[in-house]
Amino acid sequence: MTVVIAGGGLSGLSLAGHLALEPRWHDRVVIVDDGSHPLDTIAWSSWTGRPTLLDTAVSSRFDRVRVHVGGRTRTLPLGHYRYQVVRGTDLDRIVRELAEPLPHFEFRRGHVDGIDGPPGRTHVVVDGDEVEARWVFDSVLGPTEPPPVDAHMVFRGRRVVAERPVFDPGVPTLFDFRTSQADRAAFLYVLPFSATEALVEHTSFASPHGPLPGVDAQRAALEGYLDDVLHAGACTVLHEEGAVLPLSAGRVARRRGDVLAIGTPAGMVKASTGYSYQRVQDDSAAVVRSLVEHGHPFDLPAMSTRHRVLDAALLDVVIREPRQLERAFAALFSGASAEPALRFLEERSSVGMESRLFAGMPVGVYLKAVGRRLRV
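Position 344 of the sequence shown, counting from 1, maps to 879 under this note's numbering, and the rest follow consecutively.
Below you can see the structure in the form of structure tokens.
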């Protein structure tokens, strides 16, 4: 039996790594990627309170985060959580070290042109050649009918070396709202590497039907933050990156015959935060468990309907009333620890915990948003 993993990014590599570490798995695995998304400038951040199989790929861990919301700066412990960073090159290296020595694993460079075929004999077309597979895990083409986009998360980040030591190497800034909220909800994110070097990222939420923020405006926001808020002095830009991430809180039809969507096309990006790394790890573990215990990859836990509705409501409100995002984050992170908020954002919170977290939020505004969502 052969399985094909279409795409060698976060989800494809993670699934390959989980399969390589599963002692009960001995069938052929072909990982196909065309190299169009190089991993040398990619990194994924996440928070988790649990060990995962690919933890050796983690390059940095933090037990505190900084937030600036509601006019004040706070440094919060994470409780049993840790905030961590995985570089794309490290994940690729770790997975290849695990998989390449195994005779039933193959990494193949090529472009996936199509996926089709009868049950039990799916054909993956790679640069015009057909690879027959029993199961296909697809992060390239995605479902034929993806859910509608609820918002766009727009990033522009710069890795900079500052003239002055304005960064705290031991504490990332999860969000800082000291940037314009006039046109859309926005905040700054800081991932430090030293007292003078960091990735500084401007993030904003844009309507799925409206214009996206321009690159010049994003760069001006970054420069204004470094100059007027951090007082970093002259900065050398080592690297600049930008992306537009579609956010959807809709349910995804992941299965198409013997093909299972994985990664972003499978809805692994958390709609209210844009984070995906830990969700991909959990999903990879569930897929492998289903394969070895049931002989197919489809016995997967359902995503929480309650949290999907809450995500949709938040995006609805933020697009209509941009300043509500800061109010929401101020309520979520109002306690002495960030752990309750992170538990909620990880979708491991109870209704009682959520009621306490939401106490400082305008309930009526969100109830109207939920109503609009349920009428769709």
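Backbone N, C-alpha and C define an ideal beta-carbon position, used for all residues, glycine too.
Of the other Cβ atoms in all chains shown, fewer than 16 fall within 10 Å of the Cβ of methionine 536; this residue is therefore exposed. In the DSSP annotation of this structure, the continuous segment of the alpha helix (DSSP H) that includes methionine 888 starts and ends at 886-892. With contacts defined as CB atoms closer than 8 angstroms, histidine 553 and alanine 820 qualify as a contacting pair. Collapsing the DSSP output to three states places threonine 714 in coil.
Inclusion of alanine 697 and threonine 731 in the CB contact set at 8 angstroms is warranted, their separation being smaller than that value. Secondary structure note for phenylalanine 702: it is in no alpha helix (DSSP H), with a DSSP letter that is neither H nor E.
Under the Cβ criterion (8 angstroms, minimum of three pairs), the segment 540-557 counts as touching the segment 779-799.
Counted as a single uninterrupted DSSP element, the beta strand (DSSP E) harbouring threonine 738 occupies residues 732-741. Glycine 692 sits in a strand when the DSSP states are folded into three classes. For serine 581, the pairing in a beta bridge is given by DSSP as Gln619.
Under the three-state reduction of DSSP output, threonine 587 falls in the coil class, being neither helix nor strand. Counted as a single uninterrupted DSSP element, the stretch harbouring isoleucine 854 is not any beta strand (DSSP E) but the alpha helix (DSSP H) occupying residues 840-855. For a cut-off of 8 angstroms, the C-beta gap from threonine 610 to valine 764 is around 16 angstroms, too long to register as a contact. Residue pairing by DSSP places proline 727 opposite Ala733 in a beta bridge. Taking 8 angstroms as the cut-off, the Cβ atoms of aspartate 685 and leucine 782 count as close. Taking all protein chains shown into account, leucine 902 has fewer than 16 neighbouring C-beta atoms within 10 Å of its C-beta and is therefore exposed.
Beta-bridge partners assigned by DSSP to leucine 795: Phe672, Arg790.
Straight-line measurement puts the Cα of proline 612 at about 7 angstroms from the Cα of valine 600.
Excluding its 5 nearest sequence neighbours in each direction, phenylalanine 597 has C-beta neighbours in its own chain below 8 angstroms: Leu613, Arg617, Tyr618, Gln619, Gly705, Val706, Pro707, listed in chain order.
Contact check for methionine 688 against phenylalanine 722 fails: the beta carbons are separated by 8 angstroms or more.
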